[in-house]
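Per our numbering: the sequence shown ends with 805, consecutive numbering throughout. Data block below; observations after.
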Amino acid sequence: MRMLWLCLLTLWLAAPVQAQPATGASPQPPILVRTSVAPAQGAVVGQRIALYVDVLFRGEMPRPPRVTVPELPGAQIIRFESQATTINDTIAGTAYIGQRFEFAVYARHGGSFTVPPATVTVLDRDGNETSTVHGEAVTVAVAVPPGVDVSKPVIASNRVELDESWAPSPTTAFRAGDAIVRTITRTAADVPGLAMRDLGFAAPPGVRVYVDTPVSRDEVARGVVTGRRTDKVTYVFEQEGRYALPEVAQPWWDLGAGTLRQASGAGVAVAVTAAPSGSGLGQSVGGGAWQLMAAVVAGAATIVALLVWALPRLDAWRARRRQRWEASEAKAFRDLMAACRGDDATGLYGALATWRRRLPAEAASRLAPLAEPLEQALFGSPRGMWSPPQAKRLGDAAQAARTALLVPDRQAVAALPPLNPGAAVGARAPLQQVLNRAGDR
365 MRMLWLCLLT LWLAAPVQAQ PATGASPQPP ILVRTSVAPA QGAVVGQRIA LYVDVLFRGE
425 MPRPPRVTVP ELPGAQIIRF ESQATTINDT IAGTAYIGQR FEFAVYARHG GSFTVPPATV
485 TVLDRDGNET STVHGEAVTV AVAVPPGVDV SKPVIASNRV ELDESWAPSP TTAFRAGDAI
545 VRTITRTAAD VPGLAMRDLG FAAPPGVRVY VDTPVSRDEV ARGVVTGRRT DKVTYVFEQE
605 GRYALPEVAQ PWWDLGAGTL RQASGAGVAV AVTAAPSGSG LGQSVGGGAW QLMAAVVAGA
665 ATIVALLVWA LPRLDAWRAR RRQRWEASEA KAFRDLMAAC RGDDATGLYG ALATWRRRLP
725 AEAASRLAPL AEPLEQALFG SPRGMWSPPQ AKRLGDAAQA ARTALLVPDR QAVAALPPLN
785 PGAAVGARAP LQQVLNRAGD R
């Protein structure tokens, strides 16, 4: 009997000990967020670094979540595709289903970058927000290949192409006042058009250059991004002569070959003759009715012929006039003033860059301080803020600077020491105060 009671007591004491692991085991979390990058090592400046954010739901996913990644100073983070990839996984015996969100990171300089944690907004079946979870930060090291200049946007890709066209043909018989349009299209694999550098369009004396705002059109096919940027420039020949329009070049780092390459567009030589001096038409009509009738018919035919000859040229002249207006400094400044009435920092930066490109090189250089608040807001580390009042103050500063630069009086131009990078520090104070006010929130 004593042995029987002892066995029963042993079984009673062992029962809760065996049940303890089942009742005390921690269940898997309902939502998991995992972050990774590729390549994890060996990335170079300008190369596309894939940032993967996996959002996994235990059991089922009521609705695909929304995922955002904070801005990263010194780099661009872009998401090209609107749809994520559905994934399944089993973690510690628990089934998970979710989606993988892919972002592209483009570093602007070398060093170590820590991508901030992603923010995941969880939605119910009706699309209402139910909760917010965060991922984890991830660090990636970016190297600068030898010979690469990081002072300008760098392209690192397996394929970069540059195509150019001229209209009309450079072999055309040009006359003073005529123009030729150069169109350059750059295409790069895994590099967006916004990441490509501005091309320098120089021209010899006697040729005026008008640069249009670049157009970027990126394409995404099955997860592969192809960046495409088109630059258009108009050369106007102001006088007769023979002009050499120089080549343009896009340096890039070949990821496959591990070497620095250059895609270039060849320059051309253009011959320009003097503009026609005009011609007169003299005609003498004798007496007689038939001669008068012949003169009237001939005159009418001449008018019709002149109209047939003049109308296409008038249309072409209007098109050239419109084209020159679109490529003029006045048009670029009007677009800049329009951009200053909004809060789009990226669009304002492009408008300011376009206006500066259409000014003489010396004036554009002296206006460099105007871009500093915008550059700090867009590319600074830490990244600055931007607001409509700042845009308005920048527009006021640009208006004042343009007025002074276009005054022919040398003393009036010299009265703008803040626009001259070589001026003394004390002389820069007035414009610097204007720029500081333009950059204030």
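Here a beta-carbon is modelled for each residue, glycine too, at the ideal position from N, C-alpha and C. Source: prediction; values computed, not measured.
Check                                                                                                        : Outcome
Which of helix, strand or coil DSSP assigns to S400                                                          : strand
Those residues which DSSP pairs with T535 across a bridge                                                    : Per DSSP, none; premise fails for T535.
A471 classed as buried or exposed, judged by whether at least 16 other C-beta atoms fall within 10 angstroms : buried
P676 (DSSP reduced to helix, strand or coil)                                                                 : helix
Element boundaries [alpha helix (DSSP H), containing R698]                                                   : E693 to A703
Alpha carbon of A520 to alpha carbon of P640, nearest angstrom                                               : 50 Å
Where L487 falls: helix, strand or coil (DSSP)                                                               : strand
Classification of K516 by the beta-carbon crowding that lies within 10 angstroms, buried from 16 upward      : exposed
Residue range of the unbroken alpha helix (DSSP H) whose run includes P737                                   : E736 to F743
Residue environment, R774, which counts as buried when at least 16 other CB atoms sit within 10 Å            : Because the pLDDT at R774 is just 41, under 50, the model does not fix this residue reliably, and the point stays unresolved.
CB of Y599 within 7 Å of CB of A567, strictly                                                                : yes
Nearest neighbour of A501, chosen from T478, V597 and W673 [CA to CA]                                        : T478
Validate contact between the stretch 752-762 and the stretch 697-707 using beta carbons, cut 8 Å, 3 pairs    : yes
Contact check, L700 vs A715, beta carbons under 7 Å                                                          : yes
Ordered list of beta strand (DSSP E) runs contained in the stretch 436-513, each at least 3 residues         : 439-442, 449-455, 458-471, 475-479, 483-487, 493-498 and 502-507
Backbone secondary structure at P752 - three-state DSSP                                                      : helix
Stretch pair the stretch 534-551 + the stretch 582-597: three plus CB contacts closer than 8 Å               : yes
Cα-Cα separation between D554 and I441, rounded to whole angstroms                                           : 13 Å
Among R625, R721, F601 and A762, nearest to P737 - alpha-carbon criterion                                    : A762
Cβ-based burial, E424 [other Cβ within 10 Å; buried from 16]                                                 : exposed
Within 7 Å, strictly: CB atoms of V409 and V518                                                              : yes
F538 Cβ short of 6 Å to the ligand ATP heavy atom set                                                        : Ligands are entirely absent from the displayed structure, and the ligand ATP is therefore not among its contents.
Inter-residue Cα distance where the pair is R684 and L670                                                    : 21 Å
Length of the line joining the Cα atoms of T549 and E528                                                     : 6 Å
N- and C-terminal bounds of the beta strand (DSSP E) containing A543                                         : A543 to A553
Test item: CB-CB of V352 and V397 under 7 Å                                                                  : With the chain represented from 365 up to 805, any question about residue 352 goes unanswered, as that position is not in the structure.
I519, DSSP secondary structure in three states                                                               : coil
Integer Cβ distance of G806 from V506, believed to fall under 8 Å                                            : The structure shown has nothing for residue 806, since the chain only spans 365 to 805.
Buried/exposed call for R586, threshold 16 Cβ in 10 Å                                                        : exposed
Cβ-based burial, V668 [other Cβ within 10 Å; buried from 16]                                                 : exposed
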